[in-house]
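Just below is one structure, and these are the notes that go with it.
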Amino acid sequence: PCEFHYPERISRVGYRPVVRAAPYQVQRAAQAIADAKRPVVLAGHGVHVATAWEALRRFAERIDAPVVSTLLGLSALSADHPLCLGMAGMHGVAWANLAVQHADLLVAMGMRMDDRFTGSLPHFAPHAKLLHVDIDPAEIGKRVPTAVPMVGDVRFVMEALTETLPEMDHRDWLAQIDAWRERHPLEVHAQGSLPPQEVIRALHRVTDGEGIVVSDVGQHQMWVAQHYRFRRLNSFFTSGGLGTMGYSLPAALGVQAGHPADPVWVVVGDGSFQMNLQELATVVQERLPIKIVIMDNGYLGMVRQWQELFHGARYIGTPISGPDFVQLAASYGIPARRVTATAELPEAFAAARETAGPFLLDCKVEQDENVYPMVQPGTGNADFVEDPRGKAQGR
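Quick note: the sequence shown uses our numbering, first residue 4, plus one each step.
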């Protein structure tokens, strides 16, 4: 038998991504944008990866087009900007979904066109051409046919398009979107002493939308996406795509290390929190000013919602027990407070904000509250259900 001789040099396949789109692609894309009457820019996680926040703002302003975000694209454009519509998709806000569905051109920047965003593909954006920009060519045309493909870094592409295109005016299109926003406002219809949406709204008020927020996975993740208006760029961190429960607390350690001067706010469900709560030891050991907001409803909430809506309310494996989170925090030396009513939120959040170190809020939210608006599986994004009590619908 021969002996294996380890080579001194090993040839490895290199990876040199295309970062600047070809000039002919830029011209073709510019023409498609110039021809559009109802354009919408779709901002995905690639905008953050490319640090393209300023490029996105300048591009959207140049073509006077609204910006719709994926879940991971939130905070790519300040929520205060008049062109920012928020998140579209299964639990997106109504006006963003309607804008996508009625657009004649979608300019997708660094996104995958996943099923949670598109809804049923045969019903997705039936009037729109797709201009898809991504640094990974495998993502382009993977799920949605692409009229204008562009491989490149989204920052460089948007900068090139901004330099190429003249200033545009789509005031009629934006007025239509404003009308949808007025017709379908994001309201809280929940009943009971502590609606979960009010917890997120209280978090927004105490941080003025300038907080750094790390969300776990589940219903609370969608309520953050809907009800927290991210004014600060690149300020939202969550697990999208894979959707890993238990993500938030360990991720917050890294986010806090990267932003030592700013407290990081963790929004987490009672189920997700128990998957990695041992990281409280690291929080204490490193004296990190992480603020933990537990949306405590005694369920794996998103799975429970689907069991209620699509499986006859047969709840299997979703009711969960848990410890006394306030006492648990105290055992680590972390100050904590339990919240059971909406009226208690301002004082509780103020206490968390004013505490120099870590703080934990155990918010006993309504157990059976569901996330709405919702685009049910197999339907298009214009067929959203807003209020299950009144069966308000889109279109």
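For each residue, glycine too, the CB sits at the ideal point set by N, CA and C.
None of the values given here were measured: they were computed from a predicted structure.
**Item:** Cβ shell of Pro85 (< 7 angstroms), same chain only, five flanking positions each side left out
**Value:** Excluding sequence neighbours, Pro85 sits near nothing in its chain.
**Message:** I want to know whether the stretch 182-190 touches the stretch 81-100 - three or more CB-CB distances under 8 angstroms.
**Reply:** Yes, the stretch 182-190 touches the stretch 81-100.
**Asked** Is the Cβ-Cβ distance between Phe7 and Met161 less than 7 angstroms?
**Response** No; because the gap between Cβ atoms is not below 7 angstroms, this pair is not in contact.
**Item:** Contact set for His89: own chain, Cβ-Cβ below 6 angstroms, skip 5 residues either direction
**Value:** Before going further, note that residue 89 is Gly rather than His in the sequence given. Taking C-beta separations shorter than 6 angstroms and ignoring five residues to either side along the sequence, the partners of Gly89 in its chain run Val96, Ala99, following chain order.
**Request:** Taking only the alpha-carbon atoms, compute the straight-line gap between Gly381 and Arg12 and give it to the nearest angstrom.
**Result:** Going from the Cα of Gly381 to the Cα of Arg12 covers about 53 angstroms.
**Residues bridged to Trp268 (per DSSP)** = Paired residue(s): Val216, Lys294.
**Message:** Checking 7 angstroms against the spacing of the C-beta atoms, do Ala82 and Phe233 come in under that value?
**Reply:** Taking 7 angstroms as the Cβ cut-off, Ala82 and Phe233 qualify as a contacting pair.
**Which listed residue (Leu168, Gln379, Glu64, His314) has its alpha carbon closest to that of Leu124** = Of the candidates Leu168, Gln379, Glu64, His314, the one whose C-alpha sits nearest the C-alpha of Leu124 is Gln379.
**Message:** Closest to Val217 by C-alpha separation, out of Phe387, Glu350, Val227, Val306, would be which residue?
**Reply:** Per the Cα distances, Val227.
**Selection from Leu363, Ala344, Gly320 that minimises the alpha carbon distance to Pro338** = Leu363 is the residue among Leu363, Ala344, Gly320 whose C-alpha sits nearest the C-alpha of Pro338.
**Request:** Have a look at Asn373 and Asp156 and give me their C-alpha separation to the nearest angstrom.
**Result:** About 38 angstroms.
**Asked** Are the beta-carbon atoms belonging to Gly214 and Trp268 less than 7 angstroms from one another?
**Response** The answer is yes: Cβ separation under 7 angstroms.
**Asked** Between the Cα of Gly304 and the Cα atoms of Leu109, Ile180, Gly221, Ala284, which residue gives the shortest distance?
**Response** When each option's Cα is compared against that of Gly304, the closest is Gly221.
**Item:** alpha helix (DSSP H) runs contained entirely in the stretch 134-183, provided each spans 4 or more residues
**Value:** The alpha helix (DSSP H) runs of length 4 or more contained entirely in the stretch 134-183 are, from start to end of the chain, 157-167.
**Request:** Measure how close the beta-carbons of Leu164 and Ala150 come, nearest whole angstrom, since I'm counting them as under 8 angstroms.
**Result:** Actually they are not in contact, since the Cβ atoms of Leu164 and Ala150 sit about 15 angstroms apart, beyond 8 angstroms.
**Request:** List in chain order: all unbroken beta strand (DSSP E) runs of 3+ residues lying wholly within the stretch 320-377.
**Result:** Taking 3 residues as the minimum length, the beta strand (DSSP E) runs contained wholly in the stretch 320-377 are 339-342, 362-367, in order along the chain.
**Message:** Am I right that Met113 and His48 are in contact with their C-beta atoms under 8 angstroms? What's the rounded C-beta distance?
**Reply:** Note on residue identity: the sequence assigns Gly, not Met, to residue 113. Indeed, because the Cβ distance is near 6 angstroms, the residues count as touching under 8 angstroms.
**Request:** Find the nearest neighbour of Thr2 within the set Asp327, Glu389, Tyr27, Ser14, judged by alpha-carbon distance.
**Result:** For residue 2 there is no data in the structure shown, the boundaries of the chain being 4 and 398.
**Asked** According to DSSP, is Ala46 helix, strand or coil?
**Response** Note: Ala46 maps to strand in three-state DSSP.
**Request:** Can you check DSSP and say which residues form a bridge with Ala111?
**Result:** Per DSSP, the beta bridge partners of Ala111 are Leu45, His135.
**Message:** Which of the three DSSP states is assigned to Phe240 in this structure?
**Reply:** Here Phe240 sits in strand by DSSP.
**Prompt:** Phe120 to Tyr9, Cα distance in whole Å?
**Reply:** Rounded to whole angstroms, Phe120 to Tyr9 spans 48 angstroms at the Cα level.
**Message:** Please return the same chain residues whose Cβ sits closer than 6 angstroms to the Cβ of Val70, not counting the five positions on each side in sequence.
**Reply:** Hits under 6 angstroms: Val44, Ala46, Ala63, Leu80, Leu86, Cys87.
**Prompt:** Three or more C-beta pairs closer than 8 angstroms, one from the stretch 347-363 and one from the stretch 204-213: is that the case here?
**Reply:** The stretch 204-213 and the stretch 347-363 touch, with three or more beta-carbon pairs separated by less than 8 angstroms.
**Message:** When you compare the CB positions of Phe240 and Val258, do they come within less than 7 angstroms of one another, or not?
**Reply:** Cβ distance < 7 angstroms, so Phe240 and Val258 count as in contact.
**Request:** Quickly, what does DSSP pair Ser72 with across the bridge? List them, please.
**Result:** According to DSSP, Ser72 bridges with Ala46, Met90.
**Asked** For Val388, which three-state DSSP category applies?
**Response** The three-state reading of DSSP puts Val388 in strand, counting E and B together.
**Prompt:** Is the CB-CB distance between Val50 and Gly76 below 7 angstroms?
**Reply:** Yes; because the gap between Cβ atoms is below 7 angstroms, this pair is in contact.
**Message:** What does the alpha-carbon distance come out to for the pair Leu59 and Phe387?
**Reply:** When rounded, the separation of the alpha-carbon atoms in Leu59 and Phe387 is 28 angstroms.
**Item:** Asp299 in three-state terms, based on DSSP
**Value:** Judged by DSSP in its simplified three-state form, Asp299 adopts strand.
**Item:** Met305 - DSSP class collapsed to helix/strand/coil
**Value:** Looking at Met305 - three-state DSSP - the assignment turns out to be helix.
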